[in-house]
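Enquirer: For reference, the structure I am asking about is given below.
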């Protein structure tokens, strides 16, 4: 964990003042040429609602001096803030040219907190010192939080202006002899910032430290979040009523039910309560719409969602029974607040939370349901009945939708009160009617009231909601019913593309539905709706046009088997539930379905006499396991085609005009041989042929499609022919991974600037095309397991946006080029042909990166690398034993190397007399180092450990090695180090150099505690595979172990 400032806790906020009398000047004034003032983080849409207070435009103001940290720590911190949705001010984006410091001062006041990266040369910049004063003043005047990060400097040196800080202030005193107050104010500011609680980067792993800093900032900013929407009418009183049922503070464990009719606000109440109480529990989990989620995603999905709060990375549960055992075993000691929303079946409760005994002391499980008997049957003793809103609350909620304010307009007051009286306090109905009547004439209000007076809202709530539907035009009604029938939970953009081809004006139509509350767009951009609106949609379909949209097996079977088509049929959907059922199709089954627009068949289809054609008017076709060898044509209006695991060999022969087709997915179609001519498919945006193992050729015309965004050919292992050149300027993703016969990439057109992701791993590439360097927008590049020998520097020099590069298992690669400065993660293990010595290889690598690298190579780079103890020992060991094919992984100040031990490989004798081989392989091994009575920590540098290991998993699976140093005599030090991608095949030797310093375990050796315990184990680290008894499966064993305590004199010997 990142160290904190001396004697202060991370929560401390220091509010100080003392504004400099000189706070103006042009941008860059008093700044040395090497020094720049930067602040980080572009605006993120995910943070637009992060803070409710309107006066702050930014979440964070990030201050640093460019000479020290521009291209490394601060850049990584800025990117982490941006990815996390934290809004930061960035001067090269937000500071207009010609503006002075006053503009930046306003940005400081416009930020909720300031993060300052205090580094060696920070005090040399008068620009930074002036801004430091302004930040401190904002802290005092506005209550802003100030978070210093002491980057490779000691807080005491900042506080007392020693070393570089003292030198800088002395220079300023000489320069500003006529303004001594200015320098005194700077000294005061440095003293104050040095006294603040903050983070110290020295001896910390950068990636973990940045993660903790971001979490710290998020934790602070979350206190600015409203606990719930201020516009939720009447919620305060209901929250106050429910909380006593929970009896927070008692150690018992119990269930609480929230019961009420549909549309009364049960889900909203449960969410608000959970948000208010979340900080009182170890885990807070809200499982929304359990009934729907079970139907669509399955029980395992919900169990994984619950367990995901344990932060188990890539959690895998393979059946619901094991999931139940995992919930019991992992949550039984956690204080949990769990909300199970919209429960309608006892089995749902038993599979997710059968008993309070599953959870730790003080846990609370809230259940929302329409069925009170279900709660009674489950022995839920505390049940809160959710009543409807009173008249005042109802009038306020209705007015918010009808008039966009809390009270009705005077001329509509009586009408509004009449509507409220008719509706009876149902929030969903009030919102629907308010949206429907907004802006309408009094005559429409009177007509609506006449209809409402004939309806009992408690019994006929769908009739109340139907008034909103009746107020839509014909196209908007069709869009609503289509979404209910097929496109609920779909991506909004995908639905828009399909419905646009149906001439339904979906952009406007969907916006109208959202405005009238019939639809909701989720934060992920998907279309959702309240369950009562979904019920309304099905009610309308059944009542108005039952033959327009078919979803029942026996109805569809009657139509397709007996060729009894109806012109009014618009959609047929036979979903996953019917996958085990079979239908025998007539050859002309679709010939009479002239009006059909959507077809989804997920069942066994028998075509004994083939199929003449599909309907020409189809826009959407999803037919998994399609049995024919080619697509029945014509399909002139087709927009979306999904036929995964089909039997097709080709889509069509020759050129076909399909101007509307945007999406093709034939993944897993093992017989698919070649793509068609795409010359007249100019609207195509996505082509997915993933896992089409018989695919040999992709037609040249694909490279000319201007709208193409994604091409996925992953796993097409027989593919050997690609378009010679890609001119698709909109392309963002190109996946050729595991196309083992692809020997060269296409040339890339000059306009291919949007390509973000390129995977060419596990191909037969030997060179990269000359135009590769033109991919200036590329961010993720995978070239692992290829036959590349060199990576031309001119290809990589222009890839300034590259953040991820994988060269894993490039066994022919002999050298690395100078890598782009923004690189965030490099994977370069199992590159056995690197010809240079170990120390040269490392030095070339880290020098070329030119900044602190995170990821597989996690070493904090400095000019003193050759003096680093782990590096020196590994170089010496490597030289003496002539190991080849070494994988390297730097983590903090520790060092890993892995090499194949070969047949009969043994641990080198350098580790004598401590070598130990085991008759029975072990999963764990413990080393106990006896500390001599005359122990002097300053002479001991660390410990070198060598493990002879064997893998017990298949090639391609991931294994991690974990070492934890834990002083058994009561010390608190614990360090975990991991290594991924251990060499496959034969046994391996893993060498770890664990450096000791004053910050680690030696400081805990006091009194009679004169031994140090080191536990070594091998386990899967990145995927949690659950066995039948709920334990984690072992995947590695230790065959032998050697270790040696080292001191500085050892290296000389």
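In this note's numbering, the protein residues as written are 5 to 1057.
Each residue gets a CB set at the ideal place from its N, CA and C atoms; glycine is no exception.
1. Using only the alpha-carbon positions, how far apart do residue 727 and residue 197 sit?
2. Here's the rule I'm using: 16 or more other beta-carbon atoms within 10 Å means buried, otherwise exposed. How should residue 804 be labelled?
3. Does the distance from the C-beta atom of residue 645 to that of residue 681 stay below 9 Å?
4. Just the C-alpha distance for residue 329 and residue 353, rounded to the nearest angstrom, thanks.
5. My understanding is that residue 535 touches residue 366, with C-beta atoms under 8 Å, so please give their C-beta distance in whole angstroms.
6. Which residue or residues does DSSP assign as beta-bridge partners of residue 388?
7. Per DSSP, what are the beta-bridge partners of residue 373 in this structure?
8. Can you grab the Cα-Cα spacing for the pair residue 764 / residue 678, in whole Å?
9. Residue 185: buried (16+ other C-beta within 10 angstroms of its C-beta) or exposed?
10. According to DSSP, simplified to helix, strand and coil, what is residue 359?
11. Can you give the Cα-Cα distance for residue 259 and residue 218, rounded to whole angstroms?
12. Using only the alpha-carbon positions, how far apart do residue 81 and residue 214 sit?
13. Please return the same chain residues whose Cβ sits closer than 7 Å to the Cβ of residue 60, not counting the five positions on each side in sequence.
14. Would residue 340 pass as a contact of residue 371 if the rule is Cβ separation under 9 Å?
15. Here's the rule I'm using: 16 or more other beta-carbon atoms within 10 Å means buried, otherwise exposed. How should residue 111 be labelled?
16. Decide if residue 577 is buried, meaning its Cβ has at least 16 other Cβ atoms within 10 Å, or exposed.
17. Using beta-carbon positions only, say whether residue 68 and residue 120 come within less than 9 Å of one another.
18. Measuring only the C-alpha atoms, how far is residue 761 from residue 248?
19. With the cut-off set at 9 Å, would you say residue 741 and residue 758 are in Cβ contact?
20. Are the stretch 546 to 558 and the stretch 492 to 502 touching by the rule of at least three beta carbon pairs closer than 8 Å?
21. Considering residue 713, what are the terminal residues of the beta strand (DSSP E) in which it resides?
22. List the endpoints of the continuous alpha helix (DSSP H) containing residue 186.
23. So within the stretch 638 to 718, which uninterrupted beta strand (DSSP E) runs reach at least 3 residues, ignoring any that extend past its ends?
24. Spatial neighbours of residue 324 within its chain, please: CB distance less than 7 Å, with the 5 preceding and 5 following residues excluded, ordered by chain position.
25. Might you give, ordered along the chain, the residues of its own chain that have their beta carbon closer than 6 Å to the beta carbon of residue 133, omitting 5 neighbours on each side?
26. On the criterion of 16 or more Cβ atoms from any shown chain inside 10 Å, does residue 600 qualify as buried, or is it exposed?
27. Is the stretch 458 to 469 touching the stretch 617 to 635 in the sense that three or more CB pairs, one from each, lie closer than 8 Å?
28. Between the stretch 386 to 400 and the stretch 197 to 209, can you find at least three pairs of beta-carbon atoms closer than 8 Å?
29. Using the three-state DSSP reduction, which class does residue 1050 fall into: helix, strand or coil?
30. For residue 744, which residues in the same chain have their Cβ closer than 7 Å to its Cβ, ignoring the five residues on either side in sequence?
31. Helix, strand or coil: how does DSSP classify residue 329 here?
32. Report, in whole angstroms, the separation of the C-beta atoms of residue 574 and residue 552, which I expect to be a contact under 8 Å.
33. In this structure, what does DSSP give as the bridge partners for residue 786?
34. Of the choices 149, 657 and 194, whose alpha-carbon is the least far from that of residue 220?
35. So, are the CB atoms of residue 264 and residue 91 less than 9 Å apart?
36. Do you know offhand how far residue 168's Cα is from residue 320's?
Expert: Taking the coordinates as given:
1. Numbered from its first residue, the chain shown carries residue 727 at position 723. Numbered from its first residue, the chain shown carries residue 197 at position 193. So the alpha carbons of these two residues sit roughly 60 Å apart.
2. Along the chain shown, one-based indexing puts residue 804 at 800. The residue is exposed, with fewer than 16 neighbouring Cβ atoms inside 10 Å.
3. Here residue 645 refers to the residue found at position 641 of the chain shown. Here residue 681 refers to the residue found at position 677 of the chain shown. Contact: no.
4. The count along the chain shown starts at 1 and reaches residue 329 at position 325. The count along the chain shown starts at 1 and reaches residue 353 at position 349. Using only the alpha carbons, I get a separation of about 14 Å.
5. Position 531 of the chain shown, counted from the start, is the residue given in the question as residue 535. Position 362 of the chain shown, counted from the start, is the residue given in the question as residue 366. That belief does not hold up - the Cβ atoms of residue 535 and residue 366 are roughly 32 Å apart, past 8 Å.
6. Here residue 388 corresponds to residue number 384 of the chain shown, with the count starting at 1. Note: residue 388 sits in a beta bridge opposite 262.
7. Taking the first residue of the chain shown as position 1, residue 373 is located at position 369. Answer by DSSP bridge pairing, in chain order: 263.
8. Within the chain shown, the letter at position 760 stands for residue 764. Within the chain shown, the letter at position 674 stands for residue 678. One C-alpha to the other measures close to 20 Å.
9. Reading the chain shown from its first residue, position 181 is the one you call residue 185. When all chains shown are included, residue 185 counts as exposed.
10. Here residue 359 refers to the residue found at position 355 when the chain shown is read from its first residue. It is coil, neither helix nor strand.
11. As a position in the chain shown, residue 259 is number 255, starting the count at 1. As a position in the chain shown, residue 218 is number 214, starting the count at 1. Near 35 Å, if we compare the C-alpha coordinates of residue 218 and residue 259.
12. By 1-based counting over the chain shown, the position of residue 81 is 77. By 1-based counting over the chain shown, the position of residue 214 is 210. Residue 81 and residue 214: Cα-Cα distance of roughly 6 Å.
13. Stepping through the chain shown from its first residue, residue 60 is reached at position 56. Hits under 7 Å: 114, 115 and 116.
14. Translated into positions along the chain shown, residue 340 becomes position 336. Translated into positions along the chain shown, residue 371 becomes position 367. Cβ distance not < 9 Å, so residue 340 and residue 371 don't count as in contact.
15. Against the chain shown, residue 111 aligns to sequence position 107. The residue is buried, with at least 16 neighbouring Cβ atoms inside 10 Å.
16. Indexing the chain shown from 1 puts residue 577 at position 573. Under this definition residue 577 is a buried residue.
17. Here residue 68 corresponds to residue number 64 of the chain shown, with the count starting at 1. Here residue 120 corresponds to residue number 116 of the chain shown, with the count starting at 1. Yes.
18. The residue labelled residue 761 in the question sits at position 757 within the chain shown. The residue labelled residue 248 in the question sits at position 244 within the chain shown. Their backbone Cα atoms lie some 52 Å apart in a straight line.
19. The residue labelled residue 741 in the question sits at position 737 within the chain shown. The residue labelled residue 758 in the question sits at position 754 within the chain shown. No, they are not a contact pair.
20. no
21. Sequence index remark: in the chain shown, residue 713 carries index 709 (1-based). Note, residue 713: premise wrong, no beta strand (DSSP E); not H, not E.
22. Sequence index remark: in the chain shown, residue 186 carries index 182 (1-based). First-last of the alpha helix (DSSP H) with residue 186: 184 to 199.
23. 644 to 646, 667 to 669, 690 to 692 and 714 to 716
24. The residue given as residue 324 occupies position 320 in the chain shown. Result list for residue 324: 303, 304, 307 and 355, in chain order.
25. Translated into the one-based positions of the chain shown, residue 133 becomes position 129. Hits under 6 Å: 190.
26. Position 596 of the chain shown holds residue 600. Per the 10 Å Cβ criterion, buried.
27. no
28. no
29. For the purposes of this step, residue 1050 is taken as residue 1046 along the chain shown, with counting starting at 1. The answer is strand: DSSP assigns residue 1050 an E or B state.
30. One-based indexing of the chain shown puts residue 744 at position 740. Closer than 7 Å at Cβ, skipping near neighbours: 721, 766, 767 and 768.
31. Working through the chain shown from its first residue, we reach residue 329 at position 325. It is helical.
32. In the chain shown, the residue the question calls residue 574 occupies position 570. In the chain shown, the residue the question calls residue 552 occupies position 548. Going by Cβ atoms, the distance from residue 574 to residue 552 rounds to 5 Å, so yes, they are a contact pair.
33. Reading the chain shown from its first residue, position 782 is the one you call residue 786. DSSP output for residue 786 lists 763 and 810 as bridge partner(s).
34. Here residue 220 refers to the residue found at position 216 of the chain shown. Nearest of 149, 657 and 194 to residue 220, Cα basis: 149.
35. Here residue 264 corresponds to residue number 260 of the chain shown, with the count starting at 1. Here residue 91 corresponds to residue number 87 of the chain shown, with the count starting at 1. Not closer than 9 Å, so no.
36. Within the chain shown, residue 168 is the residue found at index 164, counting from 1. Within the chain shown, residue 320 is the residue found at index 316, counting from 1. Taking the straight line joining both Cα atoms gives about 52 Å.
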